[in-house]
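>
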Amino acid sequence: MTIIPWRSFYTVAACLFHFQNLVLASNLRGRAEPSFTGGELDKGSLNGFWTYTEVVNACKLLAEKHPTLVEYGSIGNSVEGRPMPILTLTNKQSSAVPLDSRPALLLTSLSRGNEPLSLATLLNIVRHIVQNSNDVTVAQLLSSTKIVSIPMVNPDAWNAATTSQFHIKNMRDVCSKTPLSRGVDLTTNWGFHWDTYLPSSDLHKNEEKYEKECSEYYHGADPFSEPETAALKAVIETSVKPKSIIFFRQTDAATPSIIVPYTYHPSNSAIQTSRSLFRAEDVKVYESIITGMNASSEGLYTAGTTWDMSGQTISGSDLDWAFDQAGIFSVMVQVAASGDKSLQTAASKHLNATLALANLMSALPSKSAKPNKSPILKHIKKAVLNIPLILGAIAAFLLAVSFATARFLGYDKIWDRFVLGVQRLKRWKMYRNYTSLGASGKDDDEEDEDFGWALDEGIAEEGGFER
Ligand SMILES: *[C@@H]1O[C@H](CO)[C@@H](O)[C@H](O)[C@H]1NC(C)=O
Ligand SMILES: *[C@@H]1O[C@H](CO)[C@@H](O)[C@H](O)[C@H]1NC(C)=O
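The sequence shown maps to residues -25 to -1, 1 to 442 in mature numbering (1 follows the signal peptide of the UniProt record, and there is no 0).
Take a look at the structure:
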């Protein structure tokens, strides 16, 4: 699969913005840093979009200006050593709910570097919450929950966009074909069905898609091989431990959508339920999430699996891992750019749905299924449970065969033969003891000959098989 970074998930609008930017970049660079609370979101110097440095500076500024509301930090460094900012919004002064027991909603964007609208969407949400922190509903949210944002999961790619074309993957030094085809895809580097490729009829195509270093979906040498995905995993598992996650992505589809697990499986969620991939209780929870988000946004969304939406599967996705392995009811929200005249309009559409999820997440039950082990382990478990059955069948078969053999050959004194066998064995042991004690000069071969002869004689003395 050859990589065409210009094409996929790349809206015409973003493309125009971008070309214009290349021309205007030098003029724009001199202007003052935009701030969240100041100018509009679309005043970033990447022709509306904010650059890596602008985002970092604005986040820091926000935390400085609102110390009781905003906390700035970094979750770790990218391949090229850039910090990945994290912003935590919660009202630290309120004592309604202790800080430690406030459920967190995690928001991420720009996991693929050519999806600038995902970044704009997330920044708009942060800006709205801070600017409206005195609004009754927002204030209530901030005193009972945490809204945690990681705006640039792929900071290197976004930094590269400032001076060159959009780069999709991270900057891992693999694939030297062109500078743009370098790197690992941060949305397929996660440790759940990382190398299970479905549908299996497309095995060759899927191998090309995930295993070829130059593919735009190259999944890396191992799950979590990349510092960006490893850092995000640590945030989810150990520091933030969110109750729910929205992975913001950008689509070139006509309408925005809410994607639910599983992305690796070529089926819709109803089929996934009937095949027990997906528990019925979990489907109910997802239904309530989708209904809540959709209702708050004037029916903006379609919803389903990636297979429903695009006839594609994604192995090793962040969404599947978060749901299945971390047990978190997470969704992927695909922001659509088409039809929107301004960046601000497109970005602000998903505010209501995000707030709706933040409001309903504290009531979410925990995921009912235990994290699935790999399917191979499942098969082994099944096999282990079946071992008594298999052994029983083998024993019954052997019994039947020996019975039939005995009948056929006329050995109706099987017990006698058995007893005789035991006697022979005993006698042979005695004989061995005797010869080893006797210290004769015989070698082993002679012993065996003697043994055979003596034993036959013994049987003859006893009257053969007759008693
Ligand atoms: C968002 O919610 C507000 C009310 O809370 C509503 O007035 C507005 O129309 C909603 N916006 C969208 C885009 O659904
Ligand atoms: C969202 O709401 C609209 C309008 O009510 C509806 O047509 C649409 O089917 C809903 N989407 C989902 C995924 O339920």
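Note that CB positions come from ideal geometry on N, CA and C, so glycine has one too. None of the values given here were measured: they were computed from a predicted structure.
Please state whether DSSP places Tyr192 in a helix, a strand or coil.
Three-state result, Tyr192: coil.
> Terminal residues of the continuous beta strand (DSSP E) containing Phe298?
Element bounds for Phe298: not the beta strand (DSSP E) but the alpha helix (DSSP H), 293 to 299.
> Taking C-alpha atoms, which residue in Ala375, Phe222, Ser242 lies nearest to Ser292?
For the residues Ala375, Phe222, Ser242, the minimum Cα distance to Ser292 belongs to Phe222.
> My output table needs one value for Ile233: the three-state DSSP class, helix, strand or coil.
Strand, per DSSP.
> Measuring only between beta-carbons, confirm whether Ser244 sits less than 8 Å from chain D.
No chain D is part of this structure, which consists of one protein chain only.
> Would you mind sorting Gly88 into buried or exposed? The rule is 16 or more other CB atoms within 10 Å of its CB.
Gly88 comes out buried.
> Rounding to the nearest angstrom, what Cα-Cα distance links Ala205 and Phe199 in this structure?
Those two C-alpha atoms are separated by around 5 Å.
> Since Pro126 and Pro231 are thought to touch, with beta carbons under 8 Å apart, how far apart are those beta carbons, to the nearest angstrom?
With a Cβ gap of about 19 Å, Pro126 and Pro231 do not count as contacting.
> Do Pro241 and Leu173 count as a contact pair if the criterion is CB distance below 8 Å?
For Leu173 and Pro241, yes; Cβs fall inside 8 Å.
> Do you know whose CA, among Val394, Ala311, Ala371, Ser20, lies nearest Glu90's CA?
Answer by Cα proximity: Ala311.
> So, at 8 Å on beta carbons, what are the nonlocal neighbours of Gly438 in its own chain, with the 5 sequence-adjacent residues on each side left out?
Confidence is the limiting factor: at Gly438 the pLDDT is only 44, short of 50, which leaves the residue's position unreliable and the question unanswerable from this model.
> Please confirm whether any heavy atom of ligand 2 lies closer than 7 Å to the CB of Asn327.
No.
> Hey, is Gly274 close to ligand 2, as in C-beta under 7 Å from one of its heavy atoms?
Yes, since a heavy atom of ligand 2 falls inside the 7 Å radius drawn around the Cβ of Gly274.
> Among all the DSSP beta bridges, which residues are the ones paired with Leu80?
Bridge partners of Leu80: Ile122, Ser219.
> Taking only heavy atoms of ligand 1 into account, decide whether any of them is closer than 7 Å to the Cβ of Lys316.
Result no, Cβ not under 7 Å from ligand 1.
> Mind checking Asp419: buried by the 16 CB within 10 Å criterion, or exposed?
Here the model assigns Asp419 a pLDDT of 47, short of 50, so the residue's position is not dependable, and the following value carries that caveat. Classification of Asp419: exposed, given that the 10 Å Cβ count is below 16.
> Could you check the C-alpha separation between Tyr27 and Val359 for me, to the nearest Å?
Using only the alpha carbons, I get a separation of about 53 Å.
> Under three-state DSSP, which class holds Arg4?
Bear in mind that a pLDDT of 34 at Arg4, under 50, signals an unreliable position, so the model cannot answer this.
> Going straight from the alpha carbon of residue 500 to that of Trp165, what length do you get?
An answer regarding residue 500 cannot be provided, because it is not within the stretch -25 to 442 covered by the chain.
> Could you spell out where the alpha helix (DSSP H) holding Tyr185 opens and where it closes?
178 to 186 is the span of the alpha helix (DSSP H), which, as asked, contains Tyr185.
> Might you give, ordered along the chain, the residues of its own chain that have their beta carbon closer than 6 Å to the beta carbon of Ala132, omitting 5 neighbours on each side?
Here the set comprises Gly88, His142.
> Spatial neighbours of Gly13 within its chain, please: CB distance less than 7 Å, with the 5 preceding and 5 following residues excluded, ordered by chain position.
Because the pLDDT of Gly13 is 45, which lies under 50, any placement of that residue in the model is unreliable, and the question is left without a value.
> Return the Cβ separation of Asn145 and Ser53 in integer angstroms, given the expectation that the two are a contact with Cβ distance under 8 Å.
With a Cβ gap of about 7 Å, Asn145 and Ser53 count as contacting.
> Could you pull out every residue in the same chain whose Cβ sits closer than 7 Å to the Cβ of Leu294, ignoring the five residues on either side in sequence?
Counting only Cβ-Cβ distances below 7 Å, and skipping sequence neighbours, we find Phe222, Ile234, Pro236, Thr238, Ser305, Met307.
> For ligand 2, is there any heavy atom lying closer than 7 Å to the beta carbon of Asn243?
Checking every heavy atom of ligand 2 against the Cβ of Asn243, none is found closer than 7 Å.
> Ignore the nearest five residues each way along the sequence and tell me which others in Leu(-2)'s own chain have a CB closer than 8 Å to its CB.
Here the model assigns Leu(-2) a pLDDT of 31, short of 50, so the residue's position is not dependable, and the following value carries that caveat. Excluding sequence neighbours, Leu(-2) sits near Asn22.
> Going by the C-beta, is Ala278 closer than 7 Å to any heavy atom of ligand 2?
Within the cutoff, so yes.
> Only counting the same chain, and skipping five residues up and downstream in sequence, which positions put a Cβ closer than 8 Å to that of Ser272?
Result list for Ser272: Lys324, His325, Asn327, Ala328, Ala331, in chain order.
> So, helix, strand or coil for Gly56, using DSSP?
Gly56 falls in the coil class under three-state DSSP.
> Given a threshold of 16 other Cβ atoms within 10 Å of its Cβ, counted over all protein chains shown, does Leu62 qualify as buried or as exposed?
Buried, by the Cβ-count rule.
> What are the boundary residues of the alpha helix (DSSP H) that Ala322 is part of?
Unbroken alpha helix (DSSP H) run through Ala322: 318 to 323.
> Over the uninterrupted alpha helix (DSSP H) stretch that includes Ser313, give me the two end residues.
Counting along the chain, Ser313 falls outside any alpha helix (DSSP H), and DSSP gives it neither H nor E.
> Any chance the CB of Ser271 is under 7 Å from a heavy atom of ligand 4?
Ligands displayed in this structure: ligand 1 and ligand 2; ligand 4 is not among them.
> In three-state DSSP terms, what is Ile277?
Residue identity check: residue 277 is Thr in the sequence provided, not Ile. Reduced to three states, the DSSP call for Thr277 is strand.
> Under 8 Å: do the segment 253 to 264 and the segment 111 to 118 share three or more Cβ pairs, one atom per stretch?
With a cut-off of 8 Å, the segment 111 to 118 and the segment 253 to 264 do not count as touching, because too few Cβ pairs lie within range.
> Taking C-beta to C-beta, are Ile260 and Ser244 nearer than 8 Å?
In the sequence as presented, Ile is not what sits at residue 260; that position holds Val. Not a contact, by the Cβ cut-off of 8 Å.
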